[in-house]
Amino acid sequence: MTVRTVPVNLAGRSYDILIGPGLIDRAGELSAGLLASRRVIIVTDETVAPLYGARLVAAFERAGIVAATVTVPAGESSKEFAAFGALMNTLLDRRPDRKTTLVALGGGVVGDLTGFAAASLLRGVDFIQIPTTLLAQVDSSVGGKTGINTPHGKNLIGAFYQPRLVLADTDVLDTLPRRELLAGYAEVAKYGLIDDPTFWEWCETNGSAVLAGDAVKRTYAIEQSCLSKARIVAADERETTDLRALLNLGHTFGHALEAETGFGPELLHGEAVGSGMVMAFDLSVRIGLCPPADAARVRRHLGEVGLPVRLRTIGGDNRRNWDAARLIAHMRGDKKAEAGKLTFILARGIGRAFVSREVDETALHALLDSAIAA
Ligand code: NAD
Ligand code: GLY
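The numbers in the numbering used here rise by one with no breaks, and the one at position 330 of the sequence shown is 330.
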């Protein structure tokens, strides 16, 4: 199968996303021409290291590149401030210089952490993204948002810092737990809902095959997602207009659900985005913007592939006592809320998303009450 290339056009910070099988084993030859020196430090996590770490080191060595590896614990805790500090000291122990390149091998946690480490180490060294979750391949490895968490909220410290190259090896998705795969699929479907109804229809027809492991359809889904994200990032790299904000479809609701469930394993980020997109479409219907049939399609497809589209299914047997006022309070604490004003991505239909800062709170409260009761 051929490798697909999606360019991210950002003048002097442009780079390519390569998508296809076997890319980890070709990482040395594919990146050699971009490296400032023949030395890289791979940052990975304890789950991904035993699966792909040795193969990546060998791939660099075959190209005459010396590769050291630093391994962090798997999971969101590695984006805590203390973990970031520990990583920076471990990296400095390896005596990097300004020509050393960091390589992020892992999901969004490793990518966000390594990207911010690269932005900060010696005032900035290059980095390469090798995303190993579907979510990271279609979203977090592309576009240069890097960062860590604080007790004030997620991703509140960070930098816009673009990688030099993204290698999305589609083979690695075979070891990804199905729940993580599904969470990433919510972000794939998101691109159709934002502005590409044709891609949404393709998802309705082919989503199950993507999740079941069809290699050609998986590659197509990742390529289309990266094309969408690259186009948006090229036009609004730092989210200074409302364009990049459209990528937050489902995130205002999703953030509230994640905050309520503790940003932990009870509800994964992509699962929260999936539920949030259903709620964003339902709210759009409630305030008369969106045809009810479009919201029904969103709920039907995301539910059919297995994403949680009903609040009552979150948390399994430990059914939560959701509360609309508490969810709205979480929304106010979200970094997307400007001066306390809630920001939503709403839709006039499938593929017709827009930013709204004028949502009537009575309608929002009523929507949440009905989602809780459903
Ligand atoms: P993650 O990085 O925690 O990975 C999920 C789990 O899968 C981890 O346990 C990991 O070890 C494991 N894993 C990774 N690849 C694997 C593979 N191939 N086989 C088996 N197991 C594998 O989670 P994620 O969903 O990839 O990323 C979530 C993070 O991404 C959050 O911190 C979120 O804030 C961030 N994010 C950032 C952006 C951005 O634009 N920068 C966008 C979306 C999300
Ligand atoms: N994941 C949202 C963004 O990259 O802007």
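Note that the Cβ used here is the ideal one computed from N, Cα and C, for glycine as well.
Annotation for F253: no beta strand (DSSP E) segment contains it, though the alpha helix (DSSP H) segment containing it runs H251 to E260. Taking non-hydrogen atoms of ligand 1 into account, the C-beta of T71 is found less than 7 Å away from none of them. Near ligand 2, residues with a Cβ at less than 6 Å from any of the ligand's heavy atoms are D139, G143, K145, R244 and L247; the list follows chain order. Considering only R299, G316 and G315, the residue with the shortest C-alpha distance to V309 is R299. Separation of G213 and G340 (C-alpha to C-alpha, rounded to the nearest whole angstrom) is 43 Å.
The beta carbon of E76 sits closer than 7 Å to at least one heavy atom of ligand 1. Under the criterion of beta carbons closer than 8 Å, A363 and R297 do not qualify as touching, at roughly 21 Å.
Rounded to whole angstroms, the gap between the alpha carbons of R95 and S31 is 21 Å. Contact check for V70 against T90 passes: the beta carbons are separated by less than 8 Å. Burial state of G107 is buried, judged by a 10 Å Cβ sphere holding 16 or more other Cβ atoms.
In this structure, the CA atom of A256 is about 47 Å from the CA atom of R62. Comparing C-alpha distances from R164 to each of I41, L34, E304 and D195 shows the shortest one belongs to L34. Non-local C-beta neighbours of G20 in its own chain, meaning closer than 7 Å and more than five positions away in sequence, comprise M1, T2, V3, R4, T170 and T219, ordered along the chain. In this structure, the straight-line span from the alpha carbon of A86 to that of A36 is close to 25 Å. Here DSSP, grouped into helix, strand and coil, assigns I42 to strand. With a cutoff of 7 Å, A212 does not count as near ligand 1, since its C-beta is closer than that to no heavy atom of the ligand.
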